[in-house]
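One structure below.
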Amino acid sequence: MNRQAKEIIIKYTFFVFSMVSVVVLGLIVFSLFREGLPLFGKVSLKDFIFGMEWYPTYDPPSFGIFPLIVGSFIVTLIAILIAVPLGVLTAVYISEIAPQNIKAILKSVIELLAGLPSVVLGFFGMVIVAPWLQETFDLPTGLNVINASVILAVMAIPTISSISEDALYAVPLEFKEASYALGATKYETIARVILPAALSGISTAVMLGMARAIGETMVVLMVAGGAAAIPESLFDSVRPMPASIAAEMGETPFRSLHYQALFAIGIVLFCLTLAFNLIADYVSHKFRQVGSGTL
Amino acid sequence: MKWRYFQQNVFFTLVRASALLIALALLGIVFFILYNGISVINWDFITKPPTDSMTKGGIMPAILGTVYLTLGAIAIGLPLGIASAIYLAEYAREGRVIRFIRVGINCLAGVPSVVFGLFGLGFFVIFLKFGSSILSGSLTLGFLILPTIIGASEEALKSVPQTFREASLSLGVSKWQTVYRIVLPNALPGILTGSILGVGRAAGETAPIMFTAAAFFTAKLPSSVFDEVMALPYHIYVLATAGTNIEATRPIQYGTALVLMIVVLGIDLFAIIIRGYMRKNKKW
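First to last, the protein sequences are chains R and Z.
So the first sequence is numbered by this note's numbering: it starts at 2 and just counts up by one.
So the second sequence is numbered by this note's numbering: it starts at 60 and just counts up by one.
Structure follows, in structure tokens:
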């Protein structure tokens, strides 16, 4: 075989390998739909999404996942409200203020935090945070919305912080220099020049942080409490979508309606995180800071 | 003027406080697990199987199971990830197809771990009939860490200076030989350290193995890739939430959490230190 033909074969072999991710994504969709779609022959999509009652084991069963969706969104939103200020400010500290040695340590700290296994964080929430909440606020249970949100925030912070830091780092030096030349203080430069210039990157970070939080399973499974009802306060327990899947899959008979409903929840969860990721991808490409606008 | 600097001081204090809070969160979590778990850990805990319906004994089968699953995930994720990255970094020309592949990789990275679990159950366990086994779990975890490995490998390949490739090509060496003999060896340390962070994730994940590989208790150690295994993360979860005697097994839960944390953070810390060392001693 001549050399050129060999090179072309090698090139296309690697091309095939690079398609593996896309193929796996396709297989995920295939598997979820194969196992989950049959549910909609028995339960309408509207009753499934907007139904208020999740009683999969009752007779007759009821498969309304609206309380689960609400549970997922509530813990995610509160987690994001906690994680965004902390994550972004820490990114500002790392990229703009911290001395070199603290910067290196803090970056490692964030990487280690990202590496903490979710089951360990969930366990921590169960045995440390929950009893503390229960005693301090005199609650029937410490496994509730606020506990899950705080632990989820800890999981989302590394994502938000490291992507924000990249965005801040990418702001051209000329922007900073121009601002200082106009007599702005360091704070004014950060707040009015650097942060706005990095806004698209930071939005991407927030979207990806949300995707991380809404899909996180072990934490909400272990500390959210598990009540499939719409919460009335921060101290009520909820049952977010991933928790329902993880808790019930082990007990449900193969290819029963309940089993199919859990896969259908998986479809909803997959679509939500896919949407978050696509929006993040769109924002980061559409509003990317290109060039530095020098003369 | 004073107001402006007052503003700045308040802002800087806030910024420092949030950085400190995050560091304290990590230290706090690590400390509590360490403090409560350290007394449980001894040689028997690590080398003996559980006894007395899980309330006594060690966690050896769970450690072994996690090692098997992690090695399996590496065996699947690493070659695929490196091959993928070689195409993206060395062969691809930016365009629609590459953009499509990149969006696919990003979306795969964002798929929730429990959805990976469902995928593993629906595809490997049921469709391919591998059953709940080391094989199904390893495949699921391998695809879970694929995006991390692709990202790390691509970055490492791109950090090899262009001049290396040009020098090689100018000697009449073919593209593939350049990649194989020049680029890959120079990028390999970077690829491996970056991938180790993905490996840490594979070892610590619970949801993807819940329906694909993990068993609450196995009487025998696995003898083939088609056997179910116990695994550290699943062991913690089951003992802490569904065990017959949650309070009685509390020390074992702490001990298992500590072992898992040491394994995962140890792997991560190792990668971080090696990477720092490599950056310091960079030759180009």
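Ideal Cβ positions, reconstructed from N, Cα and C, are used throughout, including at glycine.
These numbers come from a predicted model, not from an experiment.
Suppose you measure from the CA of residue 132 of chain R to the CA of residue 125 of chain R; what does that come to, to the nearest Å?
Counting from 1 along the first sequence, the entry for residue 132 of chain R is found at position 131. Counting from 1 along the first sequence, the entry for residue 125 of chain R is found at position 124. Roughly 11 Å separates the two Cα atoms.
Run through chain R and tell me which residues come within less than 8 Å of residue 339 of chain Z, C-beta to C-beta.
Here residue 339 of chain Z refers to the residue found at position 280 when the second sequence is read from its first residue. Correct list: empty, because the minimum Cβ distance to chain R is about 11 Å.
Taking C-alpha atoms, which residue in Z:162, Z:76, Z:222 lies nearest to residue 277 of chain R?
In the first sequence, counting from the first residue as 1, residue 277 of chain R sits at position 276. Ranking the options by Cα distance to residue 277 of chain R, first place goes to Z:162.
Step through the CB atoms of chain R and report whether any lies within less than 8 Å of the CB of residue 266 of chain Z.
Within the second sequence, numbered from 1, the residue matching residue 266 of chain Z stands at position 207. Yes, its Cβ sits closer than 8 Å to a Cβ of chain R.
Using alpha carbons as the reference points, say which of Z:190, Z:297, Z:260, Z:175 lies closest to residue 274 of chain R.
Indexing the first sequence from 1 puts residue 274 of chain R at position 273. Nearest option by C-alpha distance: Z:175.
Determine the direct distance from the alpha carbon of residue 316 of chain Z to that of residue 119 of chain R, and round the result to whole angstroms.
Start at 1 with the first residue of the first sequence, and residue 119 of chain R comes out as number 118. Start at 1 with the first residue of the second sequence, and residue 316 of chain Z comes out as number 257. Between residue 119 of chain R and residue 316 of chain Z, the C-alpha separation is close to 11 Å.
Run down chain Z in chain order and give the residues with a C-beta less than 9 Å from the C-beta of residue 181 of chain R.
Position 180 of the first sequence, counted from the first residue, corresponds to residue 181 of chain R. Those do not exist, as residue 181 of chain R stays about 13 Å from chain Z at its closest Cβ, beyond 9 Å.
Short of 6 Å in beta carbon distance, which residues of its chain neighbour residue 1 of chain R, apart from the five on each side in sequence? Order them along the chain.
The shown model of chain R, from 2 to 296, leaves out residue 1 of chain R, and the question about it has no answer.
Could you list the residues in the segment 67-81 of chain Z with a C-beta less than 7 Å from some C-beta on chain R, going in chain order?
67, 70, 71, 73, 74, 75, 77, 78, 80, 81
Should residue 304 of chain Z be flagged as near chain R, meaning a C-beta pair shorter than 8 Å?
Numbered from 1 along the second sequence, position 245 holds the residue referred to as residue 304 of chain Z. Taking Cβ atoms only, chain R never reaches closer than 8 Å to residue 304 of chain Z, which makes this a no.
For residue 109 of chain Z, the three-state DSSP class (helix, strand or coil):
As a first step, residue 109 of chain Z is located in the second sequence; it is residue number 50 there, counting from the start. Strand.
Cβ of residue 282 of chain R less than 8 Å from any chain Z Cβ?
If you number the first sequence from 1, residue 282 of chain R lands on position 281. Yes - at least one Cβ of chain Z is within 8 Å of the one on residue 282 of chain R.
Under DSSP, the alpha helix (DSSP H) around residue 282 of chain R begins and ends at which residues?
On the first sequence, residue 282 of chain R is found 281 positions in, with the first residue counted as 1. Residues 258-287.
So with Cβ pairs under 8 Å, would you call residue 296 of chain Z a contact of chain R?
Stepping through the second sequence from its first residue, residue 296 of chain Z is reached at position 237. So, interface residue.
Would you report the Cα separation of residue 132 of chain Z and residue 61 of chain Z, rounded to the nearest angstrom?
On the second sequence, residue 132 of chain Z is found 73 positions in, with the first residue counted as 1. On the second sequence, residue 61 of chain Z is found 2 positions in, with the first residue counted as 1. If you take the alpha carbons of residue 132 of chain Z and residue 61 of chain Z, they lie about 58 Å apart.
Write down every uninterrupted run of the alpha helix (DSSP H) in the segment 253-310 of chain Z whose length is 4 residues or greater and which is fully enclosed by it, in chain order.
Those alpha helix (DSSP H) runs which fall completely within the segment 253-310 of chain Z and span 4+ residues are 266-269, 291-300.
Run down chain R in chain order and give the residues with a C-beta less than 7 Å from the C-beta of residue 234 of chain Z.
Numbered from its first residue, the second sequence carries residue 234 of chain Z at position 175. Result: 8.
Less than 8 Å between CB atoms is the rule here; does residue 223 of chain Z satisfy it with respect to chain R?
Within the second sequence, the letter at position 164 stands for residue 223 of chain Z. No, residue 223 of chain Z lies away from the interface with chain R (no Cβ there is under 8 Å from its Cβ).
Among Z:70, Z:130, Z:88, the one whose alpha carbon lies nearest that of residue 290 of chain Z:
Within the second sequence, numbered from 1, the residue matching residue 290 of chain Z stands at position 231. The shortest Cα separation from residue 290 of chain Z among Z:70, Z:130, Z:88 belongs to Z:130.
What residues in its chain sit with their C-beta under 8 Å from that of residue 217 of chain Z, if we drop five residues either side in the sequence?
Working through the second sequence from its first residue, we reach residue 217 of chain Z at position 158. Counting only Cβ-Cβ distances below 8 Å, and skipping sequence neighbours, we find 148.
Under three-state DSSP, which class holds residue 59 of chain R?
Translated into positions along the first sequence, residue 59 of chain R becomes position 58. Secondary structure at residue 59 of chain R: coil, using DSSP grouped into helix, strand and coil.
Residue 77 of chain Z in three-state terms, based on DSSP:
Against the second sequence, residue 77 of chain Z aligns to sequence position 18. Looking at residue 77 of chain Z - three-state DSSP - the assignment turns out to be helix.
If you pair each beta-carbon of the segment 8-26 of chain R with each one of the segment 145-160 of chain Z, do three or more pairs fall below 8 Å?
yes
Going along chain Z, which residues have a C-beta under 7 Å from residue 1 of chain R?
As displayed, chain R neither begins before 2 nor continues past 296, which places residue 1 of chain R out of reach and without an answer.
Given that residue 32 of chain Z touches chain R, what residues does it touch there, using C-beta distances under 8 Å?
Look at the range of chain Z in this structure, 60 to 343, and you will see that residue 32 of chain Z is not part of it.
Can you find a C-beta in chain Z that's less than 8 Å from the C-beta of residue 86 of chain R?
Position 85 of the first sequence, counted from the first residue, corresponds to residue 86 of chain R. True, the Cβ-Cβ gap to chain Z drops below 8 Å.
Nearest-angstrom Cα separation, counted from residue 297 of chain Z out to residue 304 of chain Z
As a first step, residue 304 of chain Z is located in the second sequence; it is residue number 245 there, counting from the start. As a first step, residue 297 of chain Z is located in the second sequence; it is residue number 238 there, counting from the start. Approximately 11 Å, taken between the alpha carbons.
Residues of chain Z with CB closer than 7 Å to the CB of residue 155 of chain R, please, in chain order.
Start at 1 with the first residue of the first sequence, and residue 155 of chain R comes out as number 154. Under the 7 Å cutoff, chain Z gives 84.
Would residue 63 of chain Z count as contacting chain R if we go by Cβ distances under 8 Å?
Numbered from 1 along the second sequence, position 4 holds the residue referred to as residue 63 of chain Z. Residue 63 of chain Z counts as touching chain R.
Residues in its own chain within less than 8 Å of residue 295 of chain R by CB, not counting five upstream and five downstream?
Working through the first sequence from its first residue, we reach residue 295 of chain R at position 294. Low local confidence applies: a pLDDT of 48 at residue 295 of chain R is under 50, so the model's placement there is unreliable, and no value is given.
Indicate the three-state DSSP secondary structure (helix, strand or coil) for residue 226 of chain R in the structure shown.
Numbered from 1 along the first sequence, position 225 holds the residue referred to as residue 226 of chain R. Correct three-state label for residue 226 of chain R: strand.
Contact with chain R by residue 269 of chain Z, beta-carbon distance below 8 Å:
In the second sequence, the residue the question calls residue 269 of chain Z occupies position 210. So yes, residue 269 of chain Z belongs to the interface.
For the segment 190-219 of chain R, list every residue whose C-beta sits within 9 Å of some C-beta in chain Z, in sequence order.
Listed by position, the residues of the segment 190-219 of chain R near chain Z (Cβ gap below 9 Å) are 191, 192, 209, 212, 213, 215, 216, 217, 218, 219.
Shorter than 8 Å from the beta carbon of residue 226 of chain R to some beta carbon of chain Z?
Numbered from 1 along the first sequence, position 225 holds the residue referred to as residue 226 of chain R. Chain Z, which has no Cβ nearer than 8 Å to the Cβ of residue 226 of chain R, makes this no.
Whose C-alpha, out of R:67, R:87, R:21, R:54, is nearest the C-alpha of residue 161 of chain R?
Position 160 of the first sequence, counted from the first residue, corresponds to residue 161 of chain R. Nearest option by C-alpha distance: R:87.
Under 7 Å Cβ-Cβ, which residues of chain R neighbour residue 139 of chain Z?
Along the second sequence, one-based indexing puts residue 139 of chain Z at 80. Those are 18, 21, listed as they occur along chain R.
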